[in-house]
Amino acid sequence: MKQTLNWQIAAVKDIRQETANVKSFTLTLPGWMRHRAGQHYDIRLTAEDGYQAQRSYSIASEPEREGEVDITVERISDGEVSAYLHDVLVPGDRIEARGPIGGYFVWEASMDEPLLLVAGGSGVVPLMSMIRHRAAAGAKNPTSLLYSSRNFGDVIYYDELEKLHSSSQGIQVFHALTRSQPADWKGYARRIDQDMLKEVVQPLGRSVQVFICGPTLLVESAANALVEIGVNSNQIRTERFGPTGG
Ligand SMILES: Cc1cc2nc3c(=O)[nH]c(=O)nc-3n(C[C@H](O)[C@H](O)[C@H](O)COP(=O)(O)OP(=O)(O)OC[C@H]3O[C@@H](n4cnc5c(N)ncnc54)[C@H](O)[C@@H]3O)c2cc1C
């Protein structure tokens, strides 16, 4: 019988500022269950008058960490839930959480094909869980992350990604900055396009598995471009960070 996930009361253990608009939250979960990298939690807020708002947030941490998960949230101006999490929540607070959820956009270290991860903005969050899981499990499959951000200051997890890139763990990180670039910028300086995807995907070979996450337009154009390059659509998994809840 399929297990139903219940709401549980998570404790906010830690809050870290990642960029000007992005924070990570470590949540301690009394009913913690090992997740699969790529899954998400639903977070529910209840006002004193009983009004409820619920949104999905991908798990950023690796499944090897027991008892807690990290979520990483971009503050959307006027956003009901993201603004609350950023502006009101402090360590020690409690919030309702339900998860882990999702069975399609997931990667396990036992999948040993080469891996291409394509992210736009906060779409990097579930891919970071995959990258952290890969590192924790000691997986050696060739892996590339192509990550599009507006400006350098908007890049989430930059230092951690640089460290992994310069380690000998077989992971390459390619950044694309679409709006402005630092003077000495050596990465891409445009939106993700077909030429860029070709450069990044071809060294990974024909059996590459692709995960794309971010705003709908980026996800669709990257997936279409990869199919045109010759990647089989059944090797591409996508997740769109559109508005959730209601
Ligand atoms: C499976 C899944 C996983 C997700 N994981 C993450 C995550 O890891 N980190 C994260 O920050 N977000 C994530 N999201 C998006 C998140 O669920 C919320 O939609 C987002 O935080 C906005 O909620 P809000 O209540 O702050 O804004 P709302 O009050 O719902 O919306 C306020 C305004 O912002 C617009 N808006 C809503 N969502 C977005 C958006 N994502 N981008 C741009 N404009 C938007 C709305 O159309 C509206 O005009 C995920 C979404 C899905 C479906």
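Per the working numbering: the sequence shown = residues 23 to 268.
Here a beta-carbon is modelled for each residue, glycine too, at the ideal position from N, C-alpha and C.
Judged by DSSP in its simplified three-state form, His-62 adopts strand. The C-beta of Leu-168 has 16 or more other C-beta atoms within 10 Å across all chains shown, which makes the residue buried. Here the C-alpha atom of Glu-184 lies approximately 15 Å from the C-alpha atom of Asp-176.
In terms of Cα proximity to Ala-82, the closest of Leu-248, Gly-60, Arg-56, Glu-40 is Gly-60. The continuous stretches of beta strand (DSSP E) do not include Gln-216, which lies in the alpha helix (DSSP H) extending over residues 216-223.
Thr-238: member of the alpha helix (DSSP H) spanning 238-251, first to last residue. Ile-65 and Ile-117 do touch by the CB rule: their CB atoms are close to 6 Å apart, below 8 Å. In this structure, Tyr-63 is the residue among Tyr-63, Val-147, Ala-158, Leu-67 with its C-alpha nearest to the C-alpha of Gly-121. Glu-130 has its alpha-carbon roughly 18 Å from the corresponding atom of Asp-92. In this structure, the CA atom of Tyr-126 is about 17 Å from the CA atom of Glu-84. For Trp-129, the pairing in a beta bridge is given by DSSP as Ala-59. Taking C-beta separations shorter than 7 Å and ignoring five residues to either side along the sequence, the partners of Arg-154 in its chain run Ser-83, Glu-84, following chain order.
For Gly-192, the CB contacts under 8 Å within the same chain, skipping 5 residues up- and downstream, are Lys-162, Asn-163, Pro-164, Thr-165 in chain order.
Shortest Cα-Cα distance from Ile-251 to any of Lys-220, Met-55, Arg-56 involves Lys-220.
Shortest gap from the CB of Ser-80 to any heavy atom of ligand 1: under 8 Å. The beta carbon of Ala-105 sits closer than 8 Å to at least one heavy atom of ligand 1. In this model, Ser-171 and Gln-76 are separated by some 26 Å (Cα to Cα). Placement of the Cβ of Asp-100 at a distance of less than 8 Å from at least one heavy atom of ligand 1 is found. The C-alpha of Ala-33 lies about 6 Å from the C-alpha of Gly-114. Around the C-beta of Thr-94, 16 or more other C-beta atoms lie within 10 Å, and the residue is accordingly described as buried.
Within the same chain, Cβ atoms closer than 6 Å to the Cβ of Val-146 are found at Tyr-169, Ile-178, the five residues on either side in sequence being excluded. Not a single heavy atom of ligand 1 lies less than 8 Å from the C-beta of Thr-48. Beta-bridge pairing by DSSP links Arg-120 to Asp-64. Straight across, the Cα-Cα distance linking Asp-181 with Ala-119 is about 29 Å.
Residues Asn-173 of the same chain have their beta carbon placed closer than 6 Å to that of Ser-202, with the five preceding and five following residues left out of the count.
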